[in-house]
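Start counting at 1 in the sequence shown, then tack on 26, and there's your number in the numbering used here. Ideal Cβ placement from N, Cα and C applies to all residues, glycine included. As the structure is a computational prediction, the values presented were derived from the model and not from experiment.
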Amino acid sequence: MNGLLKGVYQYRHFIASSIRNELVNQFARSRLGGLWLVIHPLVMVAIYAFVLSAVLSAKFDGIDNDYAYAIYLTSGILAWTLFNDTLSRCLNLFVGNGDLLKKMRVPKVTLPLIAAGTVLANNLLLFATIILIFAFLGHPPTLVVLWMPLITGVLVLFALGLGLVIGVLNVFFRDLSQLVPIVLQFLFWFTPIVYPIVIIPDNMRHLLMFNPMYPLVSAYHDVLAYQRSPDLFSLGVIGLAGGLLLILGLWLVRKANAEMVDLL
27 MNGLLKGVYQ YRHFIASSIR NELVNQFARS RLGGLWLVIH PLVMVAIYAF
77 VLSAVLSAKF DGIDNDYAYA IYLTSGILAW TLFNDTLSRC LNLFVGNGDL
127 LKKMRVPKVT LPLIAAGTVL ANNLLLFATI ILIFAFLGHP PTLVVLWMPL
177 ITGVLVLFAL GLGLVIGVLN VFFRDLSQLV PIVLQFLFWF TPIVYPIVII
227 PDNMRHLLMF NPMYPLVSAY HDVLAYQRSP DLFSLGVIGL AGGLLLILGL
277 WLVRKANAEM VDLL
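In structure tokens:
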């Protein structure tokens, strides 16, 4: 572990410059630039809100706003976007950077940090935009928004740990690159993002305990939509799971280092 931390410290400038280059290259030839980071998820929210708001608007008694469904949906989409983007980047992290790993002596641990840093920077821009929109809609943030760094940190830890494990396994089992997007689609609809939990039958709600995204999305809903403190116990459990996954991922990287280079 000390060797990994030492490698991160030694290559800290490489990590920072790589994140900056990733952000610049994303929109180097785009006139709207970073606005596309905001446009895509907000268009998705607008479509769902237009189609479902009339049906589901009455299900949000805890949100005193005419745009309750849009606020609830946007809060959940913010959480899901961060998780989905982090996991998707980690999935092909080593496969997509095979040439870099062969040509340069770069510690493999720097790659997930670059991916997570890039996704987090993008998500922070989206978060700032959403806060402004909420204020415009008459739903300005309260002091409970100070919980967001903790919630975001737990989400990134879990997504990064899971993504690192999947990224290593994908080097050996390439079918994972096709399977994971399907699982993510299922997980999205299995998580109360587009719909509130109250529409799930009581005899089926216990299944949500097997969904690791439910506590995270609920925390985003609590803070941003309902403006109340999140469930810290559930966040602690997910944070512990994320920490264990990250340790497992780092162990796999170290254990399979030689085999990965050969396969790449």
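Problem - Between the CA atoms of residue 278 and residue 96 - distance to the nearest angstrom - result: Numbered from its first residue, the sequence shown carries residue 96 at position 70. Numbered from its first residue, the sequence shown carries residue 278 at position 252. About 41 Å.
Problem - Backbone CA spacing between residue 198 and residue 120 [nearest angstrom] - result: Looking up residue 198 in the sequence shown gives position 172. Looking up residue 120 in the sequence shown gives position 94. So the alpha carbons of these two residues sit roughly 11 Å apart.
Handout entry: Own chain residues within Cβ distance below 6 Å of residue 134, not counting five before or after
Key = Looking up residue 134 in the sequence shown gives position 108. In its chain, beyond the 5 residues on either side, 279 have a beta carbon closer than 6 Å to the beta carbon of residue 134.
Practice task
Could you tell me how far apart the beta carbons of residue 105 and residue 263 are, in whole angstroms, since I believe they sit closer than 8 Å?
Solution key: Residue numbering aside, residue 105 sits at position 79 when the sequence shown is read from its first letter. Residue numbering aside, residue 263 sits at position 237 when the sequence shown is read from its first letter. So it is not a contact: roughly 16 Å between Cβ atoms.
Exercise for the section: State whether the segment 145-156 contacts the segment 233-243, with contact taken as three or more CB pairs (one from each stretch) at a distance under 8 Å. Expected result: With the cut-off at 8 Å, the segment 145-156 and the segment 233-243 do not touch.
Exercise for the section: Would you check whether the ligand GDP has a heavy atom nearer than 8 Å to the C-beta of residue 182? Expected result: This structure does not include the ligand GDP; it has no bound ligands of any sort.
Exercise for the section: Enumerate in chain order the residues of its own chain whose CB-to-CB distance from residue 161 is below 8 Å, with the five nearest sequence positions on each side excluded. Expected result: To locate residue 161, count along the sequence shown from 1; it is residue 135. Correct list, in chain order: 167.
Exercise for the section: Assess, as a yes-or-no matter, whether the segment 203-223 is touched by the segment 139-147 under the definition of 3 or more beta carbon pairs within less than 8 Å. Expected result: Because the criterion of three Cβ pairs below 8 Å is not met, the segment 139-147 and the segment 203-223 do not touch.
Handout entry: Whole runs of the alpha helix (DSSP H) within the segment 223-267, excluding any shorter than 4 residues
Key = Complete alpha helix (DSSP H) runs here, min 4: 239-246.
Practice task
Kindly indicate which residue of 46, 67, 108, 163 has the alpha-carbon position closest to the one of residue 93.
Solution key: As a position in the sequence shown, residue 93 is number 67, starting the count at 1. Of the candidates 46, 67, 108, 163, the one whose C-alpha sits nearest the C-alpha of residue 93 is 163.
Practice task
Report the residue from 229, 226, 110, 256 whose alpha carbon sits nearest the alpha carbon of residue 170.
Solution key: One-based indexing of the sequence shown puts residue 170 at position 144. Closest by alpha carbon: 256.
Problem - Element boundaries [alpha helix (DSSP H), containing residue 282] - result: Translated into the one-based positions of the sequence shown, residue 282 becomes position 256. Looking at the DSSP string, residue 282 is not in any alpha helix (DSSP H), and its letter there is neither H nor E.
Exercise for the section: Jot down the residue ranges of each uninterrupted alpha helix (DSSP H) in the segment 120-179, minimum 4 residues, whole runs only, in chain order. Expected result: Complete alpha helix (DSSP H) runs here, min 4: 124-129, 136-162.
Practice task
Would you mind giving the Cβ-Cβ distance between residue 274 and residue 186, rounded to the nearest angstrom? I have them listed as a contact below 8 Å.
Solution key: Against the sequence shown, residue 274 aligns to sequence position 248. Against the sequence shown, residue 186 aligns to sequence position 160. Their Cβ separation, rounded to whole angstroms, is 12 Å, which puts residue 274 and residue 186 out of contact at 8 Å.
Practice task
Determine, using beta carbons only, whether residue 146 and residue 100 come nearer to each other than 9 Å.
Solution key: Here residue 146 is taken as the residue at index 120 of the sequence shown, counted from 1. Here residue 100 is taken as the residue at index 74 of the sequence shown, counted from 1. Annotated as distal: residue 146 and residue 100, with beta-carbon spacing of 9 Å or more.
Problem - DSSP three-state assignment for residue 46, whether helix, strand or coil - result: Start at 1 with the first residue of the sequence shown, and residue 46 comes out as number 20. Reduced to three states, the DSSP call for residue 46 is helix.
Problem - residue 102 - containing alpha helix (DSSP H), residue span - result: Here residue 102 refers to the residue found at position 76 of the sequence shown. For residue 102, the enclosing alpha helix (DSSP H) has its first and last residue at 94-117.
Practice task
Compare the C-alpha of residue 42 against each of 144, 70, 230 and name the closest.
Solution key: Locating residue 42 in the sequence shown gives position 16, where the first residue counts as 1. Selected option, being the one with the closest Cα: 144.
Handout entry: Nearest-angstrom beta carbon gap, residue 102 and residue 246 [assumed within contact, 8 Å]
Key = Stepping through the sequence shown from its first residue, residue 246 is reached at position 220. Stepping through the sequence shown from its first residue, residue 102 is reached at position 76. Contact holds; Cβ gap of about 6 Å.
Exercise for the section: Locate the alpha helix (DSSP H) running through residue 214, then write down its first and last residues. Expected result: One-based indexing of the sequence shown puts residue 214 at position 188. Counting along the chain, the alpha helix (DSSP H) containing residue 214 begins and ends at 202-216.
Problem - Backbone CA spacing between residue 201 and residue 90 [nearest angstrom] - result: One-based indexing of the sequence shown puts residue 201 at position 175. One-based indexing of the sequence shown puts residue 90 at position 64. Residue 201 and residue 90 have their alpha carbons spaced roughly 46 Å apart.
Problem - Secondary structure of residue 198, DSSP reduced to three states - result: For this step, residue 198 is matched to residue 172 along the sequence shown. In this structure, residue 198 counts as helix in the three-state DSSP scheme.
Problem - Three-state class that DSSP yields for residue 88 in the structure shown - result: The count along the sequence shown starts at 1 and reaches residue 88 at position 62. Coil at residue 88, not helix or strand.
Handout entry: Straight-line gap, residue 172 to residue 204 (C-alpha atoms, nearest Å)
Key = Here residue 172 is taken as the residue at index 146 of the sequence shown, counted from 1. Here residue 204 is taken as the residue at index 178 of the sequence shown, counted from 1. Pairing residue 172 with residue 204, the inter-Cα distance amounts to about 38 Å.
Practice task
In angstroms with no decimal places, state the Cα-to-Cα distance between residue 44 and residue 235.
Solution key: For the purposes of this step, residue 44 is identified with residue 18 of the sequence shown, where counting begins at 1. For the purposes of this step, residue 235 is identified with residue 209 of the sequence shown, where counting begins at 1. Distance between the alpha carbons of residue 44 and residue 235: 37 Å.
Exercise for the section: Determine the DSSP secondary structure at residue 71, reduced to helix, strand or coil. Expected result: The residue labelled residue 71 in the question sits at position 45 within the sequence shown. Here residue 71 carries a helix assignment [DSSP, helix/strand/coil].
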